[in-house]
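Residue numbers (UniProt numbering): 1 to 497.
Working notes, beginning with the structure itself.
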Ligand SMILES: Nc1ncnc2c1ncn2[C@@H]1O[C@H](COP(=O)(O)OP(=O)(O)OP(=O)(O)O)[C@@H](O)[C@H]1O
Ligand SMILES: C[C@@](O)(CCOP(=O)(O)O)CC(=O)O
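This is how it looks when you write it as structure tokens:
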């Protein structure tokens with residue numbers, strides 16, 4: 001059976017939380033190695049109505065079925081109760097399917113028809129907290145798409161953006177399967193999938209966020225400037241006929257998605273070469289929407305203080321992006337010198353990196369300076385985010401997170417810096433390190449696991465984000481990816497095993 005498989009990465013908003021909600025500011029978003037996959041297959045025959053079956057086989061009893069019917073310019077999805085299923089609705093799945101089918105219908109005027117579709121959605125293990133192995137405290141089972149003894153309602157998510165990666169891969173897979181879109185070779189097809197996914201994700205969430213998560217699911221790591229919310233004006237509040245929805249979402253026709261004043265902007269971003277971003281899930285959890293609403297209220301009520309803090313933070317974020325880019329250029333110019341500086345920094349805690357000025361050749365001081373700058377800037381961003389949180393009355397970097405980050409930074413060797421991703425709070429931690437070997441990362445992860453005042457679980461090595469490195473470059477698939485048939489067969493085996 002011919003299957004279409006489209007996958008998308010998860011996200012980590014390294015810098016720019018809250019600021020990125022405004023088009024005046026950017027967010028630095030990294031795509032994770034962990035990905036979300038949607039498999040679509042269809043029966044050859046088309047009908048006058050169709051059944052879509054969606055299975056999330058990682059979970060217990062998660063299956064949804066829809067009877068799809070259509071008239072001239074409308075699609076209707078009727079949920080069919082699946083015996084034994086844990087829930088009869090999944091608004092993210094349903095909204096993504098309806099949006100995708102509407103644009104397919106509009107793109108196929110006249111003789112539109114739909115075959116039955118079988119859809120499977122699976123995420124890499126790190127999207128969800130895995131049970132700890134009793135002996136080691138490690139969460140890795142070694143099995144791809146490990147089965148969880150949980151339903152979607154009870155599972156604990158790790159903050160990698162399961163809903164955005166899922167919606168984007170689902171929309172992408174349906175559009176590739178039914179419309180033969182070719183996002184690998186056609187930029188306009190990729191934009192089309194992006195726009196439909198932003199629409200579906202905002203509709204399912206009941207709000208328009210900045211969209212950085214869907215954007216990184218499509219484009220991979222980048223510096224993100226959000227789309228103007230006007231792109232979705234009136235599209236979310238009423239159910240538009242398929243042709244109208246298509247003309248609002250398809251680019252290249254003078255829509256707001258393409259105009260410079262309103263379109264999203266994506267600029268390249270890569271971690272410095274030979275570095276690694278490690279992630280941890282914090283069990284306490286925070287309620288992001290209420291944090292966002294409090295910060296926005298503070299911005300409205302204290303405009304002068306807010307704008308001063310935001311400008312300062314925005315320049316630090318921009319500076320960090322420049323430092324990363326500078327280090328990437330240094331690596332390209334002289335990879336050996338760069339690697340030898342990194343080797344020296346791996347043996348020291350970052351507070352002692354400046355001592356290396358005496359041991360490293362003067363010709364390489366620029367590279368050393370780049371790393372010292374990266375460490376100082378991440379530290380300044382953390383302080384500035386924490387201060388913004390204190391001013392707004394929101395625990396963006398709560399003291400418990402400050403303690404663990406400071407402790408790792410000083411006690412582990414080679415740590416550039418860390419932070420609380422995205423909206424912050426008690427959800428997650430990141431640490432960027434030049435210590436890329438498993439042994440040195442183990443030192444950091446042991447500290448996380450042993451931390452007593454909060455339950456901190458390192459995500460598995462599969463969720464790490466690496467800076468470019470010749471040995472890994474081919475292994476990285478950035479952004480949305482359509483898998484070839486050989487990949488599909490392997491991925492399918494992983495689901496079945
Ligand atoms: N494997 C899956 N199959 C089907 N639906 C899923 C799956 N994973 C996530 N979802 C959908 O995404 C929703 C979670 O979205 P929500 O916005 O609450 O989390 P999120 O912010 O994306 O999560 P994260 O903590 O990963 O950033 C679930 O309720 C479900 O509808
Ligand atoms: C606070 C915000 O800027 C980032 C939220 O990020 P996260 O979901 O905590 O990773 C909201 C947004 O950009 O939509």
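We put the beta carbon where it would ideally sit given N, CA and C, even for glycine.
As the structure is a computational prediction, the values presented were derived from the model and not from experiment.
Taking buried to mean at least 16 other C-beta atoms within 10 Å of its own C-beta, is residue i buried or exposed?
i: residue 87; result: exposed
i: residue 427; result: buried
i: residue 311; result: exposed
i: residue 287; result: exposed
i: residue 187; result: exposed
i: residue 209; result: buried
i: residue 190; result: buried
i: residue 154; result: exposed
i: residue 213; result: buried
Cβ-heavy atom distance between residue i and ligand 1 below 7 Å?
i: residue 164; result: yes
i: residue 371; result: no
i: residue 125; result: no
i: residue 193; result: no
i: residue 92; result: yes
i: residue 75; result: no
i: residue 209; result: no
i: residue 38; result: no
i: residue 217; result: no
i: residue 52; result: no
Which first and last residues belong to the beta strand (DSSP E) in which residue i is found?
i: residue 5; result: 4–15
i: residue 1; result: Element bounds for residue 1: n/a, residue is neither H nor E.
i: residue 430; result: 428–433
i: residue 267; result: 265–268
i: residue 53; result: 50–55
i: residue 243; result: Run containing residue 243: none in the beta strand (DSSP E); it sits in the alpha helix (DSSP H), 242–249.
What first and last residue would you give for the alpha helix (DSSP H) that runs through residue i?
i: residue 162; result: 162–179
i: residue 408; result: 399–411
i: residue 37; result: From DSSP, residue 37 is part of no alpha helix (DSSP H) but of the beta strand (DSSP E) over 27–47.
i: residue 290; result: 288–301
i: residue 485; result: 485–496
i: residue 438; result: 438–450
i: residue 384; result: 365–392
i: residue 189; result: 187–205
i: residue 340; result: 335–345
i: residue 97; result: 91–107
i: residue 217; result: 212–219
Apart from the five residues on each side of it in sequence, which residues of its chain come closer than 6 Å, Cβ to Cβ, to residue i?
i: residue 479; result: 218, 219 and 220
i: residue 39; result: 3, 5 and 120
i: residue 437; result: none
i: residue 125; result: 146
i: residue 138; result: Because the pLDDT of residue 138 is 43, which lies under 50, any placement of that residue in the model is unreliable, and the number read from its coordinates should be weighed accordingly. No residues qualify anywhere along the chain.
For residue i, collect the residues of the same chain with a Cβ closer than 7 Å to its Cβ; drop the 5 residues on either side in sequence, then sort them by chain order.
i: residue 357; result: 365 and 368
i: residue 410; result: 349 and 351
i: residue 495; result: 57, 120, 122 and 145
i: residue 504; result: Any property of residue 504 remains undetermined from this structure, which presents the chain solely from 1 to 497.
So, for residue i: in the same chain, excluding its five sequence neighbours on each side, which residues have a beta-carbon less than 8 Å away from its beta-carbon?
i: residue 313; result: 19, 381, 384, 385 and 388
i: residue 1; result: 41
i: residue 353; result: 345, 368, 371, 372 and 375
i: residue 418; result: 378, 382, 405, 408, 409, 429, 430, 431 and 432
For ligand 2, is there a heavy atom less than 7 Å away from the beta-carbon of residue i?
i: residue 13; result: yes
i: residue 212; result: yes
i: residue 18; result: yes
i: residue 274; result: no
i: residue 423; result: yes
i: residue 159; result: yes
Please confirm if residue i has its CB atom under 8 Å from at least one CB of chain C.
i: residue 125; result: Among the chains in the structure shown there is no chain C, since it carries only a single protein chain.
(message) Taking contact to mean 3 or more Cβ pairs, one atom from each stretch, closer than 8 Å, check whether the segment 261–273 and the segment 111–120 are in contact.
(response) When Cβ pairs closer than 8 Å are counted between the two stretches, the segment 261–273 is seen not to touch the segment 111–120, the count staying below three.
(message) Can you confirm whether the segment 8–19 touches the segment 68–86 when touching is taken to mean that 3 or more C-beta pairs between the two stretches lie within less than 8 Å?
(response) At 8 Å Cβ cutoff, the stretches do not touch.
(request) Decide if the segment 290–300 is in contact with the segment 231–239; the criterion is three or more beta carbon pairs, one per stretch, under 8 Å apart. (result) no
(request) Assess, as a yes-or-no matter, whether the segment 151–159 is touched by the segment 178–198 under the definition of 3 or more beta carbon pairs within less than 8 Å. (result) Flag = no, the segment 178–198 and the segment 151–159 do not touch.
(message) Three Cβ pairs or more, each shorter than 8 Å: is that satisfied between the segment 66–79 and the segment 160–174?
(response) no
(message) I want to know whether the segment 276–285 touches the segment 446–457 - three or more CB-CB distances under 8 Å.
(response) In this structure the segment 276–285 lies against the segment 446–457, because at least three pairs of beta carbons, one per stretch, are closer than 8 Å.
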